[in-house]
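A.B. asks:
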Amino acid sequence: MSERPPLGIVGGGIAGLAAAIAAAQRGREVVVWESGVIGRDKVCGEFLSPEAEEDLDALGCGDLTSALKPAPLRTVALFGAGGARLDLTLPDRPALGLTRAALETFLARRAQDAGATVLERTPVRALAPKPPRTLEIQTQAGARAVRGLVLSMGKRSPLDAPLALPRARADRPTFVALKAYCAPTPLEADVELYLVPGGYIGVNPVEDGRIGICALLDGNTRPDWQTLEAHATHHPALAQRLAALGPPTQKPRGLARFGFGPQAIARTCPTTGVPLLFAGDAARLVPSFTGDGMAIALRSGRLAALATFSPDPIHAYTRAFSRAFTARFLVAGALHGLLLRPPIFELLAPLVGHAPRVVDMLYRATRG
Numbered sequence: 291m292s293e294r295p296p297l298g299i300v301g302g303g304i305a306g307l308a309a310a311i312a313a314a315q316r317g318r319e320v321v322v323w324e325s326g327v328i329g330r331d332k333v334c335g336e337f338l339s340p341e342a343e344e345d346l347d348a349l350g351c352g353d354l355t356s357a358l359k360p361a362p363l364r365t366v367a368l369f370g371a372g373g374a375r376l377d378l379t380l381p382d383r384p385a386l387g388l389t390r391a392a393l394e395t396f397l398a399r400r401a402q403d404a405g406a407t408v409l410e411r412t413p414v415r416a417l418a419p420k421p422p423r424t425l426e427i428q429t430q431a432g433a434r435a436v437r438g439l440v441l442s443m444g445k446r447s448p449l450d451a452p453l454a455l456p457r458a459r460a461d462r463p464t465f466v467a468l469k470a471y472c473a474p475t476p477l478e479a480d481v482e483l484y485l486v487p488g489g490y491i492g493v494n495p496v497e498d499g500r501i502g503i504c505a506l507l508d509g510n511t512r513p514d515w516q517t518l519e520a521h522a523t524h525h526p527a528l529a530q531r532l533a534a535l536g537p538p539t540q541k542p543r544g545l546a547r548f549g550f551g552p553q554a555i556a557r558t559c560p561t562t563g564v565p566l567l568f569a570g571d572a573a574r575l576v577p578s579f580t581g582d583g584m585a586i587a588l589r590s591g592r593l594a595a596l597a598t599f600s601p602d603p604i605h606a607y608t609r610a611f612s613r614a615f616t617a618r619f620l621v622a623g624a625l626h627g628l629l630l631r632p633p634i635f636e637l638l639a640p641l642v643g644h645a646p647r648v649v650d651m652l653y654r655a656t657r658g
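Numbering (this note's numbering), first residue to last: 291 to 658.
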């Protein structure tokens with residue numbers, strides 16, 4: 291062990307692994323604690339925005355496309371239950387359809403190659419101040435002191451309440467989500483988005499040709515295939531799509547009790563002065579329709595790691611995070627509210643369809 295305590299990272303998802311790579315590349319000792327197994331399927335739209343290329347290059351992962359062969363995504367079609375449809379073509383470069391399992395396995399290998407220690411099946415039980423200048427990460431396997439901590443524990447975590455994150459409150463509006471895969475099937479657009487009351491259902495191919503289905507639904511419903519079929523009874527286009535796809539090739543995964551809105555960006559441990567930097571969904575979950583969650587995770591993880599080399603990590607990261615994401619969260623939040631109300635889409639889709647510059651402007655406003 292080096293004399294200086296390592297940088298600790300709680301959560302081995304995209305944000306945590308990006309932070310691990312960025313810090314390890316600059317010579318910092320890094321330890322990542324991941325509660326599960328890296329490379330497992332997760333509930334995610336699995337749409338990697340084009341701006342992620344900049345962060346992948348900076349992390350030395352510019353060969354991702356040639357290594358993993360993700361599905362290129364250039365066209366998008368939105369479908370309303372009343373027959374309204376809006377088609378658009380992504381400007382500039384295509385997005386990528388890529389599973390979380392493939393991306394996180396790739397990033398974990400790069401983190402380890404850079405010198406980071408990645409501990410799987412090691413959930414963090416508690417964070418304990420260890421004066422004068424460290425914080426102790428406590429797990430079933432033991433404890434480790436760190437000087438600097440990146441918290442990238444996803445949409446929810448047992449640490450939410452101890453950290454007093456807003457999402458720990460039971461009174462917050464919640465959603466449920468569903469992820470399933472179907473056999474390769476031709477689509478009308480590279481990405482199809484079906485709007486239903488209180489949510490939407492996205493469909494797109496991933497790297498192995500399978501079709502991924504990811505649904506965001508009202509928190510009072512069950513995240514299962516039967517719920518999608520129930521929505522299809524009132525949505526002819528969705529019914530046609532589900533019939534063409536056929537049954538899922540494996541059991542769908544569900545996620546309950548999560549919401550959107552700011553959580554935390556950066557804090558200082560009052561006892562030890564250790565900086566706590568939040569990245570990815572632990573900082574703020576972007577509305578799912580944007581398909582920008584994976585790109586935000588990459589960028590925020592990398593920015594958090596870079597901030598730890600600053601004399602004032604809290605100020606450096608807060609400034610960098612705000613500059614990178616404030617505008618896109620505002621625009622995405624406003625559009626999200628509209629998409630959750632299908633009648634508004636039915637009214638606006640014909641008008642917006644004749645204003646491609648507006649669509650292009652809104653798309654760019656939700657990117658980095």
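Here a beta-carbon is modelled for each residue, glycine too, at the ideal position from N, C-alpha and C.
Counting beta carbon pairs with one atom in the segment 547-559 and one in the segment 570-581, are three or more of them shorter than 8 Å?
C.D. replies: yes
A.B. asks: Measuring only the C-alpha atoms, how far is E426 from P632?
C.D. replies: Whole-angstrom Cα-Cα distance: 48 Å.
A.B. asks: Can you give me the C-alpha to C-alpha distance between T656 and L628, rounded to a whole angstrom?
C.D. replies: 15 Å
A.B. asks: Of the choices D571, Y607, I604, whose alpha-carbon is the least far from that of F619?
C.D. replies: D571
A.B. asks: A467 and P513 - do their beta-carbons sit closer together than 8 Å?
C.D. replies: yes
A.B. asks: Provide the residue(s) that pair with W323 in DSSP beta bridges, ordered along the chain.
C.D. replies: V300, L409
A.B. asks: With a cut-off of 8 Å on the beta carbons, I'd call T561 and P419 a contact; round off their distance for me.
C.D. replies: 4 Å
A.B. asks: How big is the Cα-Cα spacing for E343 and A554?
C.D. replies: 26 Å
A.B. asks: Just to confirm the assignment, what range does the alpha helix (DSSP H) spanning R631 have?
C.D. replies: Looking at the DSSP string, R631 is not in any alpha helix (DSSP H), and its letter there is neither H nor E.
A.B. asks: Starting from the C-beta of K332, find all residues in its chain whose C-beta is less than 6 Å away, skip the five residues before and the five after it, and write them out in chain order.
C.D. replies: R390
A.B. asks: From L485 to F369, what does the alpha carbon distance come to, in whole angstroms?
C.D. replies: Cα to Cα, L485 sits roughly 6 Å from F369.
A.B. asks: Of the choices E519, Q540, P538, whose alpha-carbon is the least far from that of Q530?
C.D. replies: E519
A.B. asks: Taking just the CA atoms, how far does A406 sit from M291?
C.D. replies: With a pLDDT of 42 at M291, under the threshold of 50, the modelled position of this residue cannot be trusted, and the question is left open.
A.B. asks: Could you check what DSSP says for A660 in three-state terms: helix, strand or coil?
C.D. replies: Look at the range of the chain in this structure, 291 to 658, and you will see that residue 660 is not part of it.
A.B. asks: Once you ignore the five residues that flank A431 on each side, which residues in its own chain have a CB closer than 7 Å to its CB?
C.D. replies: Sequence-distant Cβ neighbours of A431 in its own chain, meaning closer than 7 Å and more than five residues away, are T412.
A.B. asks: How big is the Cα-Cα spacing for D450 and S442?
C.D. replies: 11 Å
A.B. asks: For the beta strand (DSSP E) containing L380, name the first residue and the last one.
C.D. replies: First-last for L380: undefined, no H or E at that position.
A.B. asks: Just curious, the beta strand (DSSP E) that L567 is in, first and last residue?
C.D. replies: 565-568
A.B. asks: Pull up the distance between the alpha-carbon of T464 and that of C559, whole angstroms please.
C.D. replies: 29 Å
A.B. asks: Using DSSP's beta-bridge definition, name the partner residues of R654.
C.D. replies: The partner list for R654 (beta bridge, DSSP) is empty, contrary to what the question assumes.
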